[in-house]
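Residue numbers (the working numbering): 309 to 491.
Dropping the structure here:
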């Protein structure tokens, strides 16, 4: 008997650990490869659930099942067979999508390389974007409707000053959003 197995990528386990430490509740591996191989890989990587021999329709159904259970699902796929599941996921990420137009069309995010570290970068960026959006809402509403209304009611600002004051939160939001470009 001859056994051949693919080598695991060196950073796979650390990537899974990163997501678990960051609060991702469930990580599931869906693959068209043999079930025994998939379960072995999942065990080595510390993945919660693994299913092998999964066809495109079954991947789609598993994504929908997880969504019905209340999970927000991110699907990472690297092939044409992943397109239906990528489309159905809350966030679809196509990896190494050179020449795979169906996967690119179905995904929300396309990473041109197969480097899984890029998924962490995208995840971290998305968290920074959400945090910045929340900050901008607080800046805009707090400054204009909070401080601006108080100053107007106290007659501290005349109409021309109020017009200039109204532009201040826009500048604050612009500068705050610009911080996203620095990293």
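Positions of the beta carbon are idealized from the N, C-alpha and C atoms, including for glycine.
For clarity, every value in this text was computed on a predicted model and none was experimentally measured.
So what's residue i in DSSP terms, helix, strand or just coil?
i: residue 488; result: helix
i: residue 408; result: coil
i: residue 334; result: coil
Starting from residue i and walking both ways along the alpha helix (DSSP H), at which residues does that stretch end?
i: residue 401; result: That residue, residue 401, is in no alpha helix (DSSP H); its beta strand (DSSP E) goes 399-403.
i: residue 444; result: 425-449
i: residue 462; result: Taken as a continuous stretch (DSSP letters only), residue 462 belongs to no alpha helix (DSSP H), as it is neither H nor E.
i: residue 326; result: 320-329
i: residue 394; result: 391-396
Just reading off the beta strand (DSSP E) that residue i is part of, what are its end residues?
i: residue 417; result: 417-419
Buried or exposed for residue i, going by 16 or more other Cβ atoms inside 10 Å?
i: residue 385; result: buried
i: residue 313; result: With a pLDDT of 48 at residue 313, under the threshold of 50, the modelled position of that residue is not reliable, and the figure given next carries that caveat. Result: exposed.
i: residue 450; result: exposed
i: residue 468; result: exposed
i: residue 370; result: buried
Quick one: measure Cβ to Cβ for residue i and residue j, integer angstroms, because I've assumed they're closer than 8 Å.
i: residue 323; j: residue 409; result: With 8 Å as the limit, residue 323 and residue 409 do not qualify as a contact, their Cβ atoms being about 27 Å apart.
i: residue 477; j: residue 447; result: 6 Å
i: residue 402; j: residue 412; result: 6 Å
i: residue 395; j: residue 414; result: 4 Å
Identify every run of the alpha helix (DSSP H) within the segment 336-389, keeping only runs that are complete inside it and at least 4 residues long; order them along the chain.
Segments of the alpha helix (DSSP H) lying fully in the segment 336-389: 343-353 and 364-376.
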